[in-house]
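Below is one structure; the comments refer to it alone.
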Amino acid sequence: MASETQKPIPREVLSPERRRFLGRISLVLSAICAVIVGIPVVGFIFGPLIAPEQDVWRAVGAVGNFKAGETVSVSFLDPSPMEWAGVSALTAAWLRRLDSGGFVAFSVNCAHLGCPVRWLPKADLFMCPCHGGVYYADGSVAAGPPPRGLFKYPVRVRNGQVEILASAVPIE
Amino acid sequence: MRNILKRAVDAFEDRTGLISFFGYLMRHPVPGDTGWWYVFGSAVLVAFMIQVVTGIALATRYVASSGSAYQVLQFITYHAVLGNFLRGMHFFGASAMILLVGVHMIQVFLMGCYKYPREFNWISGVMLLFVTIAMGFSGQLLRWDQTAVWATVLAAEMLGRTPFIGKYLARFLLGGKTLGGATLSRFFAFHVFFLPAAIFMFVGLHLYLVIHDGISAMPVPGQKVNPETYRAEYEKLLEEHGVPFWPDAAWRDVVVAFGVVVTIAALAYFVGPPHLGEPPNPSVLANDPSPDWYMLWYYAVLALLPRGMESVFMVAAPMAAIVFLLLVPVLWNKGERHPSRRPWAVAAVIMIVLSLTAFWIEGSRAPWSPKFDAQPLSAAQVGTTSPPIVAGALLFHDNGCEFCHTVDGHGGMRGPDLTDVAHRLSVDDLRIRIANGGGNMPSFAGILTHDDLDNLVAFLESRETLPAAPAQAASAHP
Chain B
25 MASETQKPIP
35 REVLSPERRR
45 FLGRISLVLS
55 AICAVIVGIP
65 VVGFIFGPLI
75 APEQDVWRAV
85 GAVGNFKAGE
95 TVSVSFLDPS
105 PMEWAGVSAL
115 TAAWLRRLDS
125 GGFVAFSVNC
135 AHLGCPVRWL
145 PKADLFMCPC
155 HGGVYYADGS
165 VAAGPPPRGL
175 FKYPVRVRNG
185 QVEILASAVP
195 IE
Chain F
-16 MRNILKRAVD
-6 AFEDRTGLIS
4 FFGYLMRHPV
14 PGDTGWWYVF
24 GSAVLVAFMI
34 QVVTGIALAT
44 RYVASSGSAY
54 QVLQFITYHA
64 VLGNFLRGMH
74 FFGASAMILL
84 VGVHMIQVFL
94 MGCYKYPREF
104 NWISGVMLLF
114 VTIAMGFSGQ
124 LLRWDQTAVW
134 ATVLAAEMLG
144 RTPFIGKYLA
154 RFLLGGKTLG
164 GATLSRFFAF
174 HVFFLPAAIF
184 MFVGLHLYLV
194 IHDGISAMPV
204 PGQKVNPETY
214 RAEYEKLLEE
224 HGVPFWPDAA
234 WRDVVVAFGV
244 VVTIAALAYF
254 VGPPHLGEPP
264 NPSVLANDPS
274 PDWYMLWYYA
284 VLALLPRGME
294 SVFMVAAPMA
304 AIVFLLLVPV
314 LWNKGERHPS
324 RRPWAVAAVI
334 MIVLSLTAFW
344 IEGSRAPWSP
354 KFDAQPLSAA
364 QVGTTSPPIV
374 AGALLFHDNG
384 CEFCHTVDGH
394 GGMRGPDLTD
404 VAHRLSVDDL
414 RIRIANGGGN
424 MPSFAGILTH
434 DDLDNLVAFL
444 ESRETLPAAP
454 AQAASAHP
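Chains as they are written, first to last, in our numbering: chain B, 25 to 196; chain F, -16 to 461.
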């Protein structure tokens, strides 16, 4: 009795061509969804690779503060400090005032793996604590594993201040 | 009451099927002869679960800001309730995970468990190995102290050696051209989202394959894996000698898990978490960064590589290791499983373990690092008041010779011990060697005056004729 009053459930029978088409359109729509979500996500994460970051001149002290023939460490803000970076926005260089009066600024990063090199004033050498790289006072390699000399930053004097061109961590 | 509970359980099962699903998982048959050999995988899983739980707890207090993270870690370590203990558990949990992954891998390799049909289980395991190491490294960086800062620079420099795309990889890691505000939040995202997601994915695949292909039986000498017949043989073995996983085999996993948890908790309580170094200020240069213990061997490898080999090694060797490990089950997926019939496999494992241990010991000694804290030799150690020798002793310290060379047990280990150098080199040879340098020694020709050189040589020559310094004085500068 019940079966007489029940209506048959309609069933849409799809042709093979239509099934194939619907399958493909589903995949295409899914792919478009993935692209819509994925492009901003990937762009945001990889943004630092393409974001323009200008090198910036940073004053590190008055010319008179530096004695000829001495190499001292100077600290300054990196070229793109963020407000929430705290002390990690600081960076440093080894600044040498030449006997001729000019200045040369060396990166503190060892050319081997980037560890902070130290200046030994009495030995006139830079030494790296990590793997024992050694550099002469002019930044050239004296011993150890570094493949090249210390990276040099451009230096200039403006209005009596020594300025270093703060730039990227030297990576080759 | 009991009826209500039963009806509720039945209704839950009717709607979800989870009870029968997990019942199947727990009771699925496993070979009955595995004993204590197959407990390491579950031990790794337990260590990972500890990491997830303690990591979530730590994340409720951690602030992934380059400017604040150091202070937050100070607070977690010294002020937060159980913060020090939790940090300790997270650190030793990571250490246990890395150690146990290694042990699990060695056991699987030696017993040939990676052979047909479990090749993909090995491959997912290799992926888990590298993701686990990446987790450990990114975790060390989250401490965000001086060591973390310089380890970040070191990682960026290493990535920078990759041909063509090195600079981009380094910049991606740092979140910009320099280390700073964008760096830490990046590591945090990797450590708590990307890498754990990868671990969950590969662990899920790993466990699914364990169920799908079953746990391999203990290897038997002469019983070779033949892909044509293996599954039928395995089914027969399970029918005849199989036991339900729970509790017949699982109890051993639980016992080991208990041991892992207790050991990690005990180490966290009695040893505590790694010490926090100085604040993350890249302009502070008096720093001696070194990796956590599990990467010390690599630290040593990088120091001991022949000059000019680093770029090749840093990029090519990890790639080659990954490719080789992934190819292991492809190249050797059948044949003997028992280690007694696979001497090359045993030899390879012994060689790798011995090599890693040797490099690890060297990494912990770091003899190539200058000993910057070497003190000038005392009057008792100099052993004479002769002016040239006293002046030479001071030059030996001030010019950094003592940072790399030992005299009478004092000084660094990078260069040879010079206590008896007068036996090996004449005065002229000494002068030439100091002036010209060579090998890992800089030239001092432009640094020392003629008199300095005389005094330094006089000091070195005097070491063989003078008695050793008194023990008390010698111990003043270890």
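Positions of the beta carbon are idealized from the N, C-alpha and C atoms, including for glycine.
Worksheet entry | Chain-ordered neighbours of Y177 (chain B) on chain F, where CB pairs are closer than 7 Å | Within 7 Å of the CB of Y177 (chain B), no CB atom of chain F is found; the nearest one sits about 13 Å away.
Worksheet item: F307 (chain F) to L268 (chain F), Cα distance in whole Å?
Response: Linking F307 (chain F) to L268 (chain F) through their CA atoms gives a straight-line distance of about 39 Å.
Worksheet item: Within this structure, are the beta carbons of Y97 (chain F) and P312 (chain F) separated by less than 9 Å?
Response: In this structure, P312 (chain F) lies closer than 9 Å to Y97 (chain F) by Cβ.
Worksheet item: Leaving out five residues before and five after A192 (chain B) in sequence, what residues of the same chain have Cβ atoms less than 6 Å from its Cβ?
Response: Annotation for A192 (chain B): no residue places its beta carbon closer than 6 Å to its own, counting only its chain and skipping 5 residues before and after.
Practice prompt. Tell me, please, whether the segment 16 to 29 of chain F touches the segment 221 to 238 of chain F by the rule of three or more beta-carbon pairs shorter than 8 Å.
Written response: With a cut-off of 8 Å, the segment 221 to 238 of chain F and the segment 16 to 29 of chain F count as touching, because enough Cβ pairs lie within range.
Worksheet item: Run through DSSP, which three-state label would H393 (chain F) get?
Response: H393 (chain F) falls in the strand class under three-state DSSP.
Worksheet entry | Y7 (chain F), buried or exposed, once every other Cβ within 10 Å from all chains shown has been counted against 16 | Flag for Y7 (chain F) reads exposed.
Discussion item. Are the CB atoms of S104 (chain B) and Q78 (chain B) within a distance shorter than 9 Å?
Written reply: Taking 9 Å as the Cβ cut-off, Q78 (chain B) and S104 (chain B) qualify as a contacting pair.
Item to complete: With 9 Å as the threshold, decide whether the Cβ of T166 (chain F) is near any Cβ in chain B.
Response: Against chain B, the CB of T166 (chain F) has a partner CB under 9 Å away; the residue lies at that interface.
Worksheet item: Can you check whether the CB of P322 (chain F) is closer than 9 Å to the CB of A328 (chain F)?
Response: Yes, Cβ-Cβ distance for A328 (chain F) and P322 (chain F) is below 9 Å.
Fill in: Distance between T115 (chain F) and I182 (chain F) (C-alpha atoms, nearest Å)
Between the alpha carbons of I182 (chain F) and T115 (chain F) lies a gap of roughly 8 Å.
Practice prompt. Compare the C-beta of M184 (chain F) with all C-beta atoms of chain B and state if any pair is closer than 9 Å.
Written response: With 9 Å as the cut-off, M184 (chain F) does not count as an interface residue toward chain B.
Discussion item. Taking a contact to mean a Cβ-Cβ separation below 9 Å, would you say N419 (chain F) touches A405 (chain F) in this structure?
Written reply: In this structure, N419 (chain F) sits away from A405 (chain F), with a CB-CB distance that is not shorter than 9 Å.
Discussion item. So if I threshold CB-CB distances at 7 Å, which residues from the segment 67 to 96 of chain F count as touching chain B?
Written reply: Taking 7 Å as the Cβ-Cβ cut-off, the segment 67 to 96 of chain F has no residue approaching chain B.
Worksheet item: W108 (chain B) versus chain F: which residues are under 7 Å apart at the beta carbon?
Response: What W108 (chain B) touches in chain F: S48, S49, G50 and G164.
Fill in: Contact set for F171 (chain F): own chain, Cβ-Cβ below 7 Å, skip 5 residues either direction
The answer, listed in chain order, is A47 and L125.
Worksheet item: Starting from T246 (chain F) and walking both ways along the alpha helix (DSSP H), at which residues does that stretch end?
Response: That run of the alpha helix (DSSP H) goes A233 to F253.
Worksheet item: For M106 (chain B), which three-state DSSP category applies?
Response: The DSSP-derived three-state label of M106 (chain B) is coil.
Fill in: C-alpha gap between P350 (chain F) and G395 (chain F), whole angstroms
Between the alpha carbons of P350 (chain F) and G395 (chain F) lies a gap of roughly 7 Å.
Fill in: Coarse secondary structure for W351 (chain F), derived from DSSP in three states
In this structure, W351 (chain F) counts as coil in the three-state DSSP scheme.
Item to complete: Using a Cβ cut-off of 9 Å (strictly closer), state whether R142 (chain B) contacts chain F.
Response: Judged by the 9 Å Cβ criterion, R142 (chain B) is in contact with chain F.
Discussion item. Given this structure, state the Cα-to-Cα distance separating V132 (chain B) from A86 (chain B), to the nearest angstrom.
Written reply: Rounded to the nearest angstrom, the two C-alpha atoms are 21 Å apart.
Practice prompt. Return no unless some Cβ of chain B is closer than 9 Å to the Cβ of M424 (chain F).
Written response: Yes, its Cβ sits closer than 9 Å to a Cβ of chain B.
Practice prompt. Could you list which residues in chain B have their beta carbon closer than 7 Å to that of R290 (chain F), in chain order?
Written response: Near R290 (chain F) (Cβ distances below 7 Å), the residues of chain B are P169.
Worksheet item: If you drop the 5 nearest sequence neighbours on each side, which residues of the same chain put their C-beta closer than 8 Å to that of W81 (chain B)?
Response: So the qualifying residues of the chain are R180, R182, E187, I188, L189 and A190.
Worksheet entry | S458 (chain F) classed as buried or exposed, judged by whether at least 16 other C-beta atoms fall within 10 angstroms | Any reading at S458 (chain F) must be qualified, since the residue scores a pLDDT of 37, below 50, and its modelled position is unreliable; the value itself is stated next. Of the other Cβ atoms in all chains shown, fewer than 16 fall within 10 Å of the Cβ of S458 (chain F); this residue is therefore exposed.
Worksheet item: Beta-carbon separation of S199 (chain F) and P12 (chain F) under 9 Å?
Response: Not in contact: S199 (chain F) and P12 (chain F) (Cβ atoms no closer than 9 Å).
Discussion item. Quick test of the definition: if touching needs 3 or more C-beta pairs under 8 Å, does the segment 209 to 221 of chain F touch the segment 93 to 113 of chain F?
Written reply: Yes, the segment 209 to 221 of chain F touches the segment 93 to 113 of chain F.
Worksheet item: By DSSP, does A167 (chain B) sit in helix, in strand, or in coil?
Response: If DSSP states are grouped into helix, strand and coil, A167 (chain B) belongs with the strands.
Worksheet item: Ordered along the chain, which non-local residues of its own chain (more than five positions away) have a Cβ less than 8 Å from that of G205 (chain F)?
Response: A distance below 8 Å between beta-carbons, with the five flanking residues on each side excluded, links G205 (chain F) to the following residues of its chain, in chain order: E319, H321 and R324.
Discussion item. Does the contact criterion of 3 or more C-beta pairs under 8 Å hold for the segment 48 to 63 of chain F versus the segment 107 to 118 of chain B?
Written reply: Cβ pair count under 8 Å is three or more, so yes.
Worksheet entry | P301 (chain F): first and last residue of the uninterrupted alpha helix (DSSP H) it sits in | Note, P301 (chain F): alpha helix (DSSP H), E293 to L314.
Fill in: Buried/exposed call for L46 (chain B), threshold 16 Cβ in 10 Å
L46 (chain B) comes out exposed.
Fill in: Contacts that P272 (chain F) makes with chain B (C-beta to C-beta distance below 7 Å)
Among the residues of chain B, those whose CB is under 7 Å from the CB of P272 (chain F) are C139 and C154, following chain order.
Fill in: Touch test, the segment 68 to 81 of chain F against the segment 162 to 180 of chain F, Cβ-Cβ under 8 Å, three pairs minimum
Fewer than three beta-carbon pairs drawn from the segment 68 to 81 of chain F and the segment 162 to 180 of chain F are found closer than 8 Å, and the two stretches are therefore not classed as touching.
Worksheet item: Counting contacts by CB-CB distance shorter than 9 Å, is A153 (chain F) in contact with chain B?
Response: Yes, its Cβ sits closer than 9 Å to a Cβ of chain B.
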